[in-house]
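Participant:
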Amino acid sequence: MDFDRWLQRFVTAIEKIIFRVALALVVLLFIVQAMLINGNLRLFLSKTDRMEGKPVLQNIQDVMGRKITGAERPVSPAHEEITLVLELRSPPGISCNLFLLVNNQVAGQFGEENISITVQPGDLLEVIGEVSGETPAAIRVVEVYGKLKAPGKGHEIKTFGERDLLAWIIP
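Here it is as structure tokens:
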């Protein structure tokens, strides 16, 4: 008996078996999917209602920091008051119309004077508005009153008015 012929027949037989098993699994998949269309069979075949449990909707926040549940975050008395003084440095001869957002709500408009804002740990400070021209405006943290890791005094961002993250308050 020639080993090459035997090996060729053996491999061909294995390939046929693998192809038939794969075809049977695909047909079985289509049959199960068709059965899941029927509501009564879906209750019998699907066990997700017993495995998932109750959904958790407590204190969930969306991307912009607003509460989905509508519950307000309790202010912890352990945190001291933190105040930031922010300064707008606009390019010479260019008008800037920029607003400060704290947790997605307008907290002030930048102008000639510095903005002083009281913040809580975890607050997001963002800048949005319009800067005409090709030179960006700079917004800088001039003073920090209170114990704060970030942002520090002198922290600065440059913006053309798109929604830019100024700081995330970390005590």
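Under the numbering used here, the residue at position 50 of the sequence shown is numbered 51, and the numbers go up by one with no gaps.
Note that the Cβ used here is the ideal one computed from N, Cα and C, for glycine as well.
Nothing here was measured: the structure is a model prediction, and the numbers come from that model.
1) Who does residue 90 pair with in a DSSP beta bridge?
2) Taking DSSP as the reference, what is the three-state secondary structure of residue 16?
3) State the Cα-Cα distance for the pair residue 186 and residue 103, rounded to the nearest angstrom.
4) How would you call residue 22, buried or exposed, if buried means at least 16 neighbouring beta carbons within 10 angstroms?
5) If you reduce the DSSP assignment to three classes, tell me which class residue 116 lands in.
6) Drop a sphere of 10 angstroms on the beta-carbon of residue 67, count the other beta-carbons inside from all chains shown, and report buried for 16 or more, exposed for fewer.
7) With 8 angstroms set as the bound, which would you pick, yes or no: does the beta-carbon of residue 83 sit closer than that to a beta-carbon of chain D?
Facilitator: Short version:
1) 139
2) helix
3) Because the chain in this structure spans residues 2 to 172, residue 186 falls outside the shown range and cannot be described.
4) exposed
5) strand
6) Because the pLDDT at residue 67 is just 49, under 50, the model does not fix this residue reliably, and the value given afterwards should be weighed accordingly. By the 10 Å Cβ count, residue 67 comes out exposed.
7) Absence of chain D from the displayed structure is noted, only one protein chain being present.
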